[in-house]
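*Asks:* In my numbering, the protein residues as written are 28 to 321. We treat Cβ as the ideally placed atom computed from N, Cα and C, and that holds for glycine.
As structure tokens, this is what we get:
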């Protein structure tokens, strides 16, 4: 049975508002993506500290010895998460990995992030893995706005652009959130704040995802890159206004560290990713492509 929202607040670094000095290991097992967010740039390197970056994409079976090593180095680790570098539902790797973790490390909290395009379709499979929390990136609930943030989706083998693709994405996100929430799994929603595009839309997003069953809401300031490289990052005032609007409807998450897809340790205190992943080396420092980190 999934841990309750109250239990997660005591043991998960993303839900405890920094109260608990607990750690996590992010397992970078997801190589590809199925949507093209205009602000996302995937990169394989060991220097950048942002979502969607990892030094290596692993196979599911490679994660088990790594988790064992991580727990020896950092016993504070209570959470095994998968957040990329691609989308967790664009391949079978994430779900395979969670099944292995459930067998080998049943004491660990399991959390997953996704862009939500396949969330409704794969809801039962996700629930069956026994995950405790799910993060869904929802950047708009209005297709006209979403189409300004996402060029296209790959849906049922077809590339669907613009508003039509955005409509499919939003529908599947909200349907999936409802299904997962009804199973008792805690849901956090991430929204990338791009003030010119979705700044005045934040309250509607928060209200909508809360009604669907989300428990926590995280506003991520845009890191200008990829096709939105010339878009200004939000000011402190714009972030504060967005949080004030969202906070009317849902509990806020206020201490995001922009974690890499291969982060290991206690957020903001310790980082052991290089030590843990050193055996693999940096095998793709020059690879870059647009994607969504969930």
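1. List in chain order: all unbroken alpha helix (DSSP H) runs of 4+ residues lying wholly within the region 99 to 175.
2. Within 10 Å of its beta-carbon, does residue 60 have 16 or more other beta-carbons around it, so buried, or fewer, so exposed?
3. Beta-carbon within less than 7 Å of residue 200's beta-carbon, same chain only, minus the 5 sequence neighbours each way: which residues are those?
4. Determine the direct distance from the alpha carbon of residue 31 to that of residue 277, and round the result to whole angstroms.
5. Please name the residue, chosen from 125, 185, 167 and 159, that lies closest to residue 207 on a Cα-to-Cα basis.
6. When you compare the CB positions of residue 196 and residue 266, do they come within less than 9 Å of one another, or not?
7. On the DSSP letters alone, give me the boundaries of the alpha helix (DSSP H) that residue 201 sits inside.
8. Tell me the rounded alpha-carbon separation between residue 141 and residue 300.
9. Quick one: residues in its chain with C-beta nearer than 8 Å to the C-beta of residue 209, no 5 flanking neighbours on either side, listed in chain order?
10. So what's residue 258 in DSSP terms, helix, strand or just coil?
11. Short of 7 Å in beta carbon distance, which residues of its chain neighbour residue 87, apart from the five on each side in sequence? Order them along the chain.
12. Tell me which residue opens and which closes the alpha helix (DSSP H) that residue 235 is part of.
13. Around the C-beta of residue 184, are 16 or more other C-beta atoms found within 10 angstroms, so that it is buried, or is it exposed?
14. Ordered along the chain, which non-local residues of its own chain (more than five positions away) have a Cβ less than 7 Å from that of residue 193?
15. Quick one: is residue 218 buried, meaning 16 or more other Cβ sit within 10 Å of its Cβ, or exposed?
16. Using only the alpha-carbon positions, how far apart do residue 75 and residue 255 sit?
17. Quick check on residue 292: buried or exposed, where buried means 16 or more other Cβ atoms within 10 Å of its Cβ?
18. Under the assumption that residue 136 contacts residue 52 (Cβ atoms under 8 Å), give the Cβ distance between them as a whole number of angstroms.
*Replies:* Answer, in terms of the structure:
1. 120 to 131, 150 to 155 and 170 to 173
2. buried
3. 143, 146, 163 and 165
4. 17 Å
5. 159
6. no
7. 189 to 209
8. 22 Å
9. 240
10. coil
11. 56, 120, 123, 124 and 127
12. 229 to 239
13. exposed
14. 170, 173, 174 and 177
15. buried
16. Confidence at residue 75 is low in this model, with a pLDDT of 45, below 50, so the placement of that residue should be treated as unreliable; the coordinate-derived value is given next. Approximately 18 Å, taken between the alpha carbons.
17. buried
18. With a Cβ gap of about 11 Å, residue 136 and residue 52 do not count as contacting.
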